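Everything below concerns the one structure shown next.
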Amino acid sequence: MPEEELVDIKFRLYDGSDMGPFRYSSAATVDVLKQRVVSDWPKGKTVTPKAANEVKLINSGKILENNKTVGQCKVPFADVAGGVIIMHVVVQPSPAKTKPGCQTYIFREGSVLHIIPSSRIW
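According to this note's numbering, the residues represented by the sequence shown are 337 to 458, in order.
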C-alpha cells in the first residue's frame, strides 16, 4: 500500500505572524485545519476566533471549503515540492456579536495589509 503524503502548512494571521508549520495528511479536511487554528490561536491577539465556523482559510486567492481535503486544495502548489504551504487566516466573528454590515476582514500578505469589507468576500 502506498505511503500517505504528508504536507507542511503554516497559518498566516492578520498581523503577519505565523502559526506552525504543522504536518497534515493529504486526507485531512479543511475543517480539521480550522479546528487546529482555533485550538492553537495565540493568546493576546485583538481578534480571536471562538469556533472553527468563524475561521476562513485562503490559499491562492480562494476560500477553502470545509469538506475539501488538503490533497484537493494543494493542486496549485505542485511547484512547491517539499516546501511549506502558507494559508491566510481570516476571522469572521459570529453574526450574533457584530452589527449587520459592519464586518471587516483583515489579513497580511507580505508587507501588504488587506482590509476587506464582508460584502466583497461573501
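Glycine is no exception: its CB is placed at the ideal position from the N, C-alpha and C atoms. Keep in mind it's a predicted model, so treat the numbers as computed, not measured.
Open item on the list: Three or more C-beta pairs under 8 Å: does that hold for the segment 360–368 against the segment 377–385?
Closed with: Touching, no.
TODO: Please work out which residues of its chain come closer than 8 Å, Cβ to Cβ, to residue 340, disregarding the five sequence neighbours upstream and downstream, and give them in chain order.
DONE: As a working note, residue 340 is residue 4 in the sequence shown. If we look at residue 340 and ignore the five residues flanking it on each side, its Cβ neighbours are 361, 362, 363.
TODO: In angstroms with no decimal places, state the Cα-to-Cα distance between residue 423 and residue 390.
DONE: Taking the sequence shown and counting its residues from 1, one reaches residue 423 at position 87. Taking the sequence shown and counting its residues from 1, one reaches residue 390 at position 54. Approximately 15 Å, taken between the alpha carbons.
- [ ] Provide the residue span of the beta strand (DSSP E) that contains residue 373, from first to last.
- [x] On the sequence shown, residue 373 is found 37 positions in, with the first residue counted as 1. Residue 373 -> not in any beta strand (DSSP E); alpha helix (DSSP H) instead, spanning 366–375.
Open item on the list: In the DSSP output, which residue or residues are listed as bridge partners for residue 360?
Closed with: In the sequence shown, the residue the question calls residue 360 occupies position 24. Looking at the DSSP assignment, residue 360 forms a beta bridge with 343.
Open item on the list: Using a Cβ distance threshold of 8 Å, determine whether the segment 397–409 contacts the segment 371–380, with at least three qualifying pairs required.
Closed with: No, they do not touch.
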